[in-house]
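So for the sequence shown, full-length UniProt numbering puts the first residue at 1; every next one is plus one.
Quick reminder that beta carbons are idealized off the backbone N, C-alpha and C, glycines included.
Predicted model, so just to flag it, every value in this text is computed and none were measured.
A short worksheet on the structure shown next.
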Amino acid sequence: MALESAPYNRVLNHIALHVPDLEAAVTWYTTLFGFRRLRSGPLAFLSTGNGVGFELFQFIDPPMSQQASFDYTRGGVFHVAITDPDPEALYERAVKASRRKIGETVTPGVCEGEEEKQYALYCQDPWGNVIEACSCSFERMMANRE
């Protein structure tokens, strides 16, 4: 059996969330995170700071049924992570807008050659989607830990 080379590391293109109120969700994500609205219709196409797409859908019939709380045991998407140079301020704005904190600050450790710990904070948007505010990129947060 011949060894195969590792596959090309593909780029994440977009993520899509289902929300019960499209315009309210567009306002929330563009105001808090600075996402840019590219176009709208029965769904909204937003763009993030690194060009990854962020789609928002509102299904009318049947409408979205909202759960009283997030079910951590269900399968599927668990959270959306956003990188910000001041994640605490971003987190506080998001919590103020949604009133939904989740858990404690996560600190994976100090990255080799750095003095300060990287960290992440969790909250929910008004529709129950979990948002993670990170102090640095995913690779920097997870690579070369003590």
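Distance between Met142 and residue 152 (C-alpha atoms, nearest Å) = The structure shown has nothing for residue 152, since the chain only spans 1 to 146.
Arg140 versus Gly128, Lys117, Ile131, residue with shortest Cα-Cα distance = Lys117
key: the stretch 79–98 in contact with the stretch 120–129 per 3-pair CB rule at 8 Å   = yes
message = Looking only at its chain, what residues have a beta carbon closer than 8 Å to the beta carbon of Leu32, apart from the 5 residues adjacent to it on each side?
response = Leu90, Arg93, Ala94, Ala97
message = Please state the DSSP three-state secondary structure of Val130.
response = strand
ask   = Counting along the chain, where does the alpha helix (DSSP H) carrying Thr31 start and finish?
value = 22–33
inquiry  = If contacts are defined as beta-carbon pairs under 8 Å, then Pro85 and Cys134 qualify, I think. What distance do you get, rounded to the angstrom?
reply    = With 8 Å as the limit, Pro85 and Cys134 do not qualify as a contact, their Cβ atoms being about 10 Å apart.
query = From the DSSP output, which residues share a beta bridge with His14?
reply = Gly53
request  = Could you tell me the distance, in whole angstroms, from the CA atom of Ala25 to the CA atom of Phe54?
outcome  = 11 Å
ask   = Which residue comes first and which comes last in the alpha helix (DSSP H) that contains Tyr91?
value = 87–98
query = Which residue from Asn129, Val19, Arg100 puts its Cα closest to that of Phe78?
reply = Asn129
query = When you compare only the Cα positions, how much space is there between His14 and Phe59?
reply = 19 Å
ask   = DSSP on Phe138, reduced to helix/strand/coil?
value = helix
query = Using DSSP with H/G/I as helix, E/B as strand and the rest coil, what is Ser47?
reply = strand
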